[in-house]
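Q: According to the working numbering, the sequence shown is numbered sequentially starting from 616.
Virtual Cβ for every residue (Gly too), placed ideally from N, Cα, C.
All figures in this text were calculated on a predicted structure; none of them were measured in a lab.
Take a look at the following structure, please.
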Amino acid sequence: GCGAHGTALGFLMEYEHMSFPDAVAALAQDVGLPIPESAREPDRPRPPPALWDALEQAAQFYKQQLKQSPHAIDYLKRRGLTGAIAARYGVGYAPDGSPLKQVFPDYAADALAASGLVVDSDNRRYDRFRNRIMFPIRNVKGQIVGFGGRVLDQGEPKYLNSPETPLFHKGSEIYGLYEARAAIKAAGRVIVVEGYMDVVALAQHGVEFAVATLGTATTPIHARTLLRHSDRLIYAFDGDNAGRKAAWRALENSLEALQDGKEVSFLFLPEGEDPDSYIRTHGQAAFLKLLDTDTLPLSAFLVRELARDRKLDRQESQAAFLKEAKPLLEKIAAPLLARLIQRQIAELAHLQADDLSQMGVNPPAARRAPSPRPQRRVAPSHL
Numbered sequence: 616g617c618g619a620h621g622t623a624l625g626f627l628m629e630y631e632h633m634s635f636p637d638a639v640a641a642l643a644q645d646v647g648l649p650i651p652e653s654a655r656e657p658d659r660p661r662p663p664p665a666l667w668d669a670l671e672q673a674a675q676f677y678k679q680q681l682k683q684s685p686h687a688i689d690y691l692k693r694r695g696l697t698g699a700i701a702a703r704y705g706v707g708y709a710p711d712g713s714p715l716k717q718v719f720p721d722y723a724a725d726a727l728a729a730s731g732l733v734v735d736s737d738n739r740r741y742d743r744f745r746n747r748i749m750f751p752i753r754n755v756k757g758q759i760v761g762f763g764g765r766v767l768d769q770g771e772p773k774y775l776n777s778p779e780t781p782l783f784h785k786g787s788e789i790y791g792l793y794e795a796r797a798a799i800k801a802a803g804r805v806i807v808v809e810g811y812m813d814v815v816a817l818a819q820h821g822v823e824f825a826v827a828t829l830g831t832a833t834t835p836i837h838a839r840t841l842l843r844h845s846d847r848l849i850y851a852f853d854g855d856n857a858g859r860k861a862a863w864r865a866l867e868n869s870l871e872a873l874q875d876g877k878e879v880s881f882l883f884l885p886e887g888e889d890p891d892s893y894i895r896t897h898g899q900a901a902f903l904k905l906l907d908t909d910t911l912p913l914s915a916f917l918v919r920e921l922a923r924d925r926k927l928d929r930q931e932s933q934a935a936f937l938k939e940a941k942p943l944l945e946k947i948a949a950p951l952l953a954r955l956i957q958r959q960i961a962e963l964a965h966l967q968a969d970d971l972s973q974m975g976v977n978p979p980a981a982r983r984a985p986s987p988r989p990q991r992r993v994a995p996s997h998l
């Protein structure tokens with residue numbers, strides 16, 4: 616035994632924040648045993664090793680190309696990044712053209728398309744990533760599953776991610792999580808930003824517990840994964856209207872991942888700022904102060920946005936308010952927090968919490984809870 620749940624499995628689940636099937640698979644792989652079928656994800660066949668190999672070879676090539684590109688190095692320096700932080704995150708450079716032909720003698724191999732490295736179009740094949748700063752995306756085991764690329768000069772799209780592949784699923788992968796695991800544990804919190812440049816820039820300035828989703832809104836899978844790694848999850852967004860809308864989508868997708876005893880909150884940066892620009896201008900101490908003093912708890916953000924621009928002294932407005940609140944309350948998975956938010960919403964609508972229950976507005980935990988068994992009365996011993 617190892618002391619954590621008394622088993623190597625328990626230790627791995629706690630130390631690496633893995634699910635039970637992932638821990639079983641990892642241990643089986645480490646000792647050279649076949650992965651038990653019960654530990655495999657249903658309906659997802661095991662990807663062929665050639666896909667992993669192709670991505671790893673491409674990553675090594677991109678890193679070498681960065682060293683040979685003064686233009687790319689100058690761009691990173693202008694963004695305030697050092698060689699050390701670029702090396703830590705495996706940052707590289709994809710030149711223009713299709714240079715992967717130099718890396719893979721069999722450029723027609725199926726693995727190159729299946730791993731998302733190349734595009735087949737109009738009877739020709741070419742590199743997906745061209746003239747881009749490259750950010751390898753790793754799973755929680757440290758394996759490269761895809762790439763994000765930031766265009767170096769002018770061009771669209773500004774950011775380009777790997778497509779969905781047998782290895783890469785943007786609704787579940789989180790950029791920087793593998794690199795940030797120790798820092799998240801030490802800080803007791805994790806901050807979600809909007810792009811990989813934000814993650815790397817924050818790490819450059821000593822804020823190493825940042826991660827990013829990949830060209831998609833936060834999903835319930837993202838939220839559950841992050842709340843396994845930390846009891847405090849902070850979403851950082853720009854302070855403009857677009858940032859508020861993105862934050863609301865993150866809130867909606869986090870509700871079913873909430874747990875009592877864990878805290879989800881939101882940080883809205885000053886308008887015109889993103890984490891990268893803010894920390895470069897104001898420094899680490901100012902950014903950490905924002906995290907300590909300016910975050911808005913999920914419950915407060917939810918109620919504030921629902922009540923925004925409503926005249927809740929009117930029954931029509933109260934009805935509209937409750938209609939919008941109902942599906943959100945019904946998604947909240949944390950029973951105690953759900954009850955507290957339910958009570959606050961009831962007060963704003965000039966109702967009692969029990970009134971909401973009678974209207975069918977109940978969090979899922981309350982709806983699923985079995986009726987308590989009648990307890991047999993036991994007379995005191997002195998009677």
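Contact check, A940 vs L921 under 8 angstroms by CB: the rounded distance?
A: 5 angstroms
Q: I789: which of N738, L842, K773 sits nearest, CA to CA?
A: It is L842 whose Cα lies nearest to the Cα of I789.
Q: Out of Y893, G764, E867, which has the shortest C-alpha to C-alpha gap to D853?
A: Y893
Q: Which runs of the beta strand (DSSP E), 3 residues or longer, sit entirely within the region 901-982?
A: If you keep only unbroken beta strand (DSSP E) runs of at least 3 residues inside the region 901-982, you get nothing at all.
Q: How far does the beta strand (DSSP E) with R703 in it extend, from its first residue to its last?
A: Taken as a continuous stretch (DSSP letters only), R703 belongs to no beta strand (DSSP E), being part of the alpha helix (DSSP H) at 698-703.
Q: Which complete alpha helix (DSSP H) runs does the region 802-846 hold, if anything under 4 residues is left out?
A: 811-819, 835-844
Q: Quick check on the burial criterion: 16 or more other C-beta atoms within 10 angstroms. Buried or exposed for P978?
A: buried
Q: Taking only runs that begin and end inside the region 695-746, name each unbroken beta strand (DSSP E) of 3 or more residues, in chain order.
A: If we require 3 residues or more, the beta strand (DSSP E) runs fully inside the region 695-746 come out as 707-709, 733-736, 739-742.
Q: So, helix, strand or coil for I650, using DSSP?
A: The predicted model places I650 with a pLDDT of 49, which falls under 50 and marks its position as unreliable, so this point remains unresolved.
Q: Would you report the Cα separation of P614 and T896, rounded to the nearest angstrom?
A: This structure cannot speak to residue 614, because the chain is shown only from 616 to 998.
Q: Quick check: N776 and G830, are their CB atoms within less than 9 angstroms of each other?
A: yes
Q: Could you say if the region 865-884 and the region 832-849 meet the contact criterion of at least three C-beta pairs nearer than 8 angstroms?
A: yes
Q: The beta strand (DSSP E) with N776 in it runs from where to where?
A: 774-776
Q: Measuring alpha carbon to alpha carbon, tell me which of A701, V918, A724, S787 ends up nearest L666.
A: Comparing alpha-carbon positions, the option among A701, V918, A724, S787 lying closest to L666 turns out to be A724.
Q: On the three-pair Cβ rule with 8 angstroms, is the region 770-785 touching the region 703-713?
A: Two segments are said to touch when three or more pairs of C-beta atoms, one from each, lie closer than 8 angstroms; by this definition the region 770-785 does not touch the region 703-713.
Q: May I have the straight-line CA-CA distance separating K692 from S972, to the nearest angstrom?
A: 58 angstroms
Q: Our contact map puts S730 next to A669 with C-beta atoms below 8 angstroms; I'd like the distance itself, whole angstroms only.
A: 5 angstroms
Q: Under the assumption that A832 contacts N868 (Cβ atoms under 8 angstroms), give the Cβ distance between them as a whole number of angstroms.
A: 6 angstroms
Q: How is the alpha helix (DSSP H) around S869 delimited, first residue to last?
A: 856-869
Q: Any contact of the region 806-817 with the region 753-760, i.e. 3+ C-beta pairs under 8 angstroms?
A: Taking a contact to require three or more Cβ pairs closer than 8 angstroms, the region 806-817 and the region 753-760 do not qualify as touching.
Q: Pop quiz: I759 and L873 are said to be a contact at Cβ under 8 angstroms. What is the actual Cβ separation, rounded to whole angstroms?
A: That belief does not hold up - the Cβ atoms of I759 and L873 are roughly 31 angstroms apart, past 8 angstroms.
Q: Going by DSSP in three states, P660 sits in which element: helix, strand or coil?
A: In the structure shown, P660 sits in coil (DSSP, three-state: anything other than H, G, I, E or B).
Q: Closest to L906 by CA distance: which of A968, A838, V805, A857 is it?
A: Closest option to L906, Cα to Cα, is V805.
Q: Just checking V808 against the ligand NAD - is the residue's beta carbon closer than 8 angstroms to any of the ligand's heavy atoms?
A: Looking at this structure, you won't find the ligand NAD or any other ligand, since it has none at all.
Q: Pull the bridge partners of L848 from the DSSP assignment, please.
A: DSSP lists V805, V879 as the beta-bridge partner residues of L848.
Q: Could you work out which residue in I799, T834, M749, L882 is closest to Q679 when comparing CA atoms only?
A: M749
Q: Would you mind giving the Cβ-Cβ distance between V733 and R740, rounded to the nearest angstrom? I have them listed as a contact below 8 angstroms.
A: Yes, they are in contact, since the Cβ atoms of V733 and R740 sit about 5 angstroms apart, within 8 angstroms.
Q: Around the Cβ of R923, are there at least 16 other Cβ atoms within 10 angstroms (buried) or fewer (exposed)?
A: R923 sits exposed, since fewer than 16 C-beta atoms from the chains shown fall within 10 Å of its C-beta.
Q: State buried or exposed for H837, treating a residue as buried only when at least 16 other CB atoms are found within 10 Å of its CB.
A: buried
Q: Can you grab the Cα-Cα spacing for the pair D891 / L937, in whole Å?
A: 38 angstroms
Q: Provide the residue span of the alpha helix (DSSP H) that contains I575, from first to last.
A: Residue 575 lies beyond the stretch modelled for the chain, which goes from 616 to 998, so this question has no answer here.
Q: Mapping DSSP to helix, strand and coil, what is I752?
A: strand
Q: In angstroms with no decimal places, state the Cα-to-Cα distance between V766 and Q959.
A: 47 angstroms
Q: Throw me the rounded Cβ distance for the T834 and G786 pair, which I believe falls under 8 angstroms.
A: 5 angstroms
Q: Give every residue of the same chain whose Cβ lies closer than 8 angstroms to the Cβ of A862, excluding the five residues on either side of it in the sequence, and list them in chain order.
A: The beta carbon of A862 is closer than 8 angstroms to those of Y850, F852, F881, F883, F916 in its chain, skipping five residues each way along the sequence.
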